[in-house]
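Chemist: Starting off with a structure, shown below.
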Amino acid sequence: MTDADHEVEDLLRTLAPQVLGALARRTGDFDASEDAVQEALIVAADRWPRDGIPERPRGWLLQTAQRKLVDHWRSDDARRRRERLTTAREEVGGPEVVNHDDTLTVLLLCCHPALTPASAIALTLRAVGGLTTAQVASAFLVPEATMAQRISRAKATIRAAGATFEEPGAEELPPRVRSVLRVLYLVFNEGYAASSGEGVHRTDLTDEAIRLTRAAHRLLPDEPEVTSLLALMLLTDARRPARTTASGDLVPLAEQDRRLWDRDKIREGTALLDGTLGAGRGFIGEYQVQAAIAAVHDRAETAAATDWPQVLALQEMLEDLTANPLVTLSRAVATANVHGPEAGLAVLDGLGERLDGSHRFDAVRAHLLELAGRDEEAAAAYRKAAARATNLQEQRHLSARAALGARRAPAPRLDGVAHRTD
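My numbering puts the sequence shown at residues 15 to 436.
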């Protein structure tokens, strides 16, 4: 892809929610407007790299999307649609529409609480991210037709919920913002630790999550959890260059070459985090705590220099905030680094039932067993984790750890009493 192609792509993704907002606000039809904008984006992606970016790209897109919408409505025999079309023709092109940025309203609507996370993610990436249905489908490794159905159902769910294209009131805004942050967080996580496929990363998703969160931060600069989520993403993504070898094999945090970490992202992330901590509001949110944990790791020059007591204290705080079993899993690792592996294993007691079927539980348990010198049990747990993992690189990594543990494990004696051979 050429520099011109990248410039066009970045511009289209920025303009997509703005144009959609302008069209949906005037027509009152988010569903049809979203389809029309998608068609306009496809036309622009084809023409602009070849013909050049128009002098007024936003107006060009809006006019093209409006024509697409008109074409759809012309094929509709309902008088109500035709009356709405007349109104749209009179009002859509006004300067107050073109100059008003509805990105936040579009984002809030796409992350409506009535939607499932999967549906909200798909609709957000298409309507706000400006991705085509094919691109979203490719990112999540599903057929394009399946993703199209998911997006269509998402828009139908919004209609059924009676959602309108307007900014929520002051009381309704905080829970709606939380829904947005949850969707962006899930997009980033899927990109950073891909749940399936051959690669560990999907940089298209992590980059898009960061871009959208930057947009949310620009629109809501005084919301500490928005700032904290952006900080968390940057502090986490900074380690990406060291997470895999040249051949794509997974490298655990403790074994990473920290010289490869992106120091610019670490500086930006820590500055954002420090800004939320210094706001003096007494507010502590889950993304703020997660970002603080990430910052402790990123500030450590070596794995041995990690301030594990601070990590443990933050993990305990996060567990109180979320009651999330995955947080308890992370607390077990921190506990092991502070109080020893057996103490970490004690934290896992009963947690397997809450995380039934998750390879992460078995992987953490295997790691702590390995630290405790219980190599045979560790190898068995690594094998179990590998069998449950759906990402191929994770499978390979866990299988390799299992093989290593099996080689170190004590050989059985004839009388059934084990002894170490090393």
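Virtual Cβ for every residue (Gly too), placed ideally from N, Cα, C.
Being a predicted model, the structure only gives us computed values, none of them experimental.
1. By DSSP, does N405 sit in helix, in strand, or in coil?
2. Kindly indicate which residue of Y199, G213, L219 has the alpha-carbon position closest to the one of A151.
3. From this set, A174, A141, L145, which residue's C-alpha is nearest A128's C-alpha?
4. Out of L287, K82, L34, T171, which one is the CA nearest neighbour of L121?
5. Between the Cα of T404 and those of H373, R388, A380, spot the shortest distance and give me the residue it belongs to.
6. With 16 as the cutoff for other CB atoms within 10 Å, does E180 come out buried or exposed?
7. Am I right that T227 and L249 are in contact with their C-beta atoms under 8 Å? What's the rounded C-beta distance?
8. Go ahead and pull the three-state DSSP assignment for T130.
9. Using the beta-carbon count (16 or more within 10 Å), is E239 buried or exposed?
10. Residue ranges of each beta strand (DSSP E) run of no fewer than 3 residues wholly in the stretch 304–336, ordered along the chain?
11. Please tell me whether G283 and L332 are closer than 9 Å, where the distance is taken between their beta carbons.
12. Go to W87, then tell me how far its alpha helix (DSSP H) extends in each direction, as first and last residue.
13. Taking the continuous alpha helix (DSSP H) assigned at V182, which residues delimit it?
14. Under the assumption that L343 contacts L359 (Cβ atoms under 8 Å), give the Cβ distance between them as a whole number of angstroms.
15. What is the residue span of the alpha helix (DSSP H) that L121 lies within?
16. Within 8 Å, do at least three Cβ pairs link the stretch 154–170 to the stretch 260–277?
17. Quick one: is L55 buried, meaning 16 or more other Cβ sit within 10 Å of its Cβ, or exposed?
18. Report the residue from A305, V352, A177, A260 whose alpha carbon sits nearest the alpha carbon of Q407.
19. Considering only DSSP beta bridges, list what L264 is partnered with.
20. Answer yes or no: do L382 and L362 have a C-beta to C-beta separation smaller than 9 Å?
21. Could you check if F297 is buried or exposed, using at least 16 other CB atoms within 10 Å of its CB as the buried criterion?
22. Could you name the residues of the same chain whose beta carbon sits closer than 7 Å to that of V22, not counting the 5 residues immediately before and after it, in chain order?
23. Apart from the five residues on each side of it in sequence, which residues of its chain come closer than 7 Å, Cβ to Cβ, to G299?
24. Note down the Cα distance separating V214 from T258, rounded to an integer number of angstroms.
25. Apply the 10 Å Cβ neighbour rule to G144 and answer buried if 16 or more other Cβ atoms are within range, or exposed otherwise.
26. Distance check for V265 and A256, CA to CA, integer angstroms please.
27. Reducing DSSP to helix, strand and coil, say where S47 ends up.
28. Out of W87, K169, T146, which one is the CA nearest neighbour of D45?
29. For the stretch 69–88 and the stretch 36–52, state whether three or more C-beta atom pairs, one from each stretch, are separated by less than 8 Å.
30. One question on the structure: do L287 and A319 come within less than 9 Å of each other, judged by their Cβ atoms?
31. Please work out which residues of its chain come closer than 6 Å, Cβ to Cβ, to A230, disregarding the five sequence neighbours upstream and downstream, and give them in chain order.
32. Can you tell me which of Q302, A207, A380, A317 puts its alpha carbon nearest to the alpha carbon of A346?
33. For E105, does the count of other Cβ atoms within 10 angstroms reach 16, so buried, or fall short, so exposed?
Modeler: So, to answer that:
1. Taking the first residue of the sequence shown as 1, we reach residue 405 at position 391. In this structure, N405 counts as strand in the three-state DSSP scheme.
2. Stepping through the sequence shown from its first residue, residue 151 is reached at position 137. Minimum Cα distance to A151 is reached at L219.
3. Along the sequence shown, one-based indexing puts residue 128 at 114. Nearest of A174, A141, L145 to A128, Cα basis: A174.
4. Numbered from 1 along the sequence shown, position 107 holds the residue referred to as residue 121. Selected option, being the one with the closest Cα: L34.
5. Position 390 of the sequence shown, counted from the first residue, corresponds to residue 404. Among H373, R388, A380, the Cα nearest to that of T404 belongs to H373.
6. Taking the first residue of the sequence shown as 1, we reach residue 180 at position 166. Result: exposed.
7. Residue mapping note: residue 227 aligns to position 213 of the sequence shown, counting from 1. Residue mapping note: residue 249 aligns to position 235 of the sequence shown, counting from 1. About 13 Å; that fails the 8 Å criterion.
8. The residue given as residue 130 occupies position 116 in the sequence shown. Correct three-state label for T130: coil.
9. In the sequence shown, residue 239 corresponds to position 225, counting from 1. Classification for E239: buried.
10. none
11. For this step, residue 283 is matched to residue 269 along the sequence shown. For this step, residue 332 is matched to residue 318 along the sequence shown. Contact flag unset, no.
12. Taking the first residue of the sequence shown as position 1, residue 87 is located at position 73. 71–88 is the span of the alpha helix (DSSP H), which, as asked, contains W87.
13. Position 168 of the sequence shown, counted from the start, is the residue given in the question as residue 182. Rather than Val, the amino acid found at residue 182 in this sequence is Pro. Taken as a continuous stretch (DSSP letters only), P182 belongs to no alpha helix (DSSP H), as it is neither H nor E.
14. In the sequence shown, counting from the first residue as 1, residue 343 sits at position 329. In the sequence shown, counting from the first residue as 1, residue 359 sits at position 345. With a Cβ gap of about 12 Å, L343 and L359 do not count as contacting.
15. Here the question's residue 121 lines up with position 107 in the sequence shown. Looking at the DSSP string, the run of the alpha helix (DSSP H) that includes L121 is 117–124.
16. no
17. For the purposes of this step, residue 55 is taken as residue 41 along the sequence shown, with counting starting at 1. Buried.
18. Indexing the sequence shown from 1 puts residue 407 at position 393. For Q407, the nearest C-alpha among the options comes from A260.
19. Start at 1 with the first residue of the sequence shown, and residue 264 comes out as number 250. BP columns for L264 point to T258.
20. Counting from 1 along the sequence shown, the entry for residue 382 is found at position 368. Counting from 1 along the sequence shown, the entry for residue 362 is found at position 348. Result yes, Cβ atoms of L382 and L362 sit closer than 9 Å.
21. The count along the sequence shown starts at 1 and reaches residue 297 at position 283. Burial call: exposed.
22. Looking up residue 22 in the sequence shown gives position 8. Excluding sequence neighbours, V22 sits near A59, W62, P63, I67.
23. The residue labelled residue 299 in the question sits at position 285 within the sequence shown. Counting only Cβ-Cβ distances below 7 Å, and skipping sequence neighbours, we find P238, E239, S242.
24. For the purposes of this step, residue 214 is identified with residue 200 of the sequence shown, where counting begins at 1. For the purposes of this step, residue 258 is identified with residue 244 of the sequence shown, where counting begins at 1. Straight-line Cα distance between these residues: approximately 8 Å.
25. Position 130 of the sequence shown, counted from the start, is the residue given in the question as residue 144. G144 should be labelled buried.
26. Here residue 256 refers to the residue found at position 242 of the sequence shown. Here residue 265 refers to the residue found at position 251 of the sequence shown. Near 7 Å, if we compare the C-alpha coordinates of V265 and A256.
27. Taking the first residue of the sequence shown as position 1, residue 47 is located at position 33. Reduced to three states, the DSSP call for S47 is helix.
28. Taking the first residue of the sequence shown as 1, we reach residue 45 at position 31. Comparing Cα positions, the closest option is K169.
29. yes
30. Translated into the one-based positions of the sequence shown, residue 287 becomes position 273. Translated into the one-based positions of the sequence shown, residue 319 becomes position 305. The answer is no: Cβ separation not under 9 Å.
31. Here the question's residue 230 lines up with position 216 in the sequence shown. The answer, listed in chain order, is V240.
32. For the purposes of this step, residue 346 is taken as the residue at position 332 of the sequence shown. Considering only alpha carbons, the answer is A380.
33. Numbered from 1 along the sequence shown, position 91 holds the residue referred to as residue 105. Here the model assigns E105 a pLDDT of 45, short of 50, so the residue's position is not dependable, and the following value carries that caveat. E105 should be labelled exposed.
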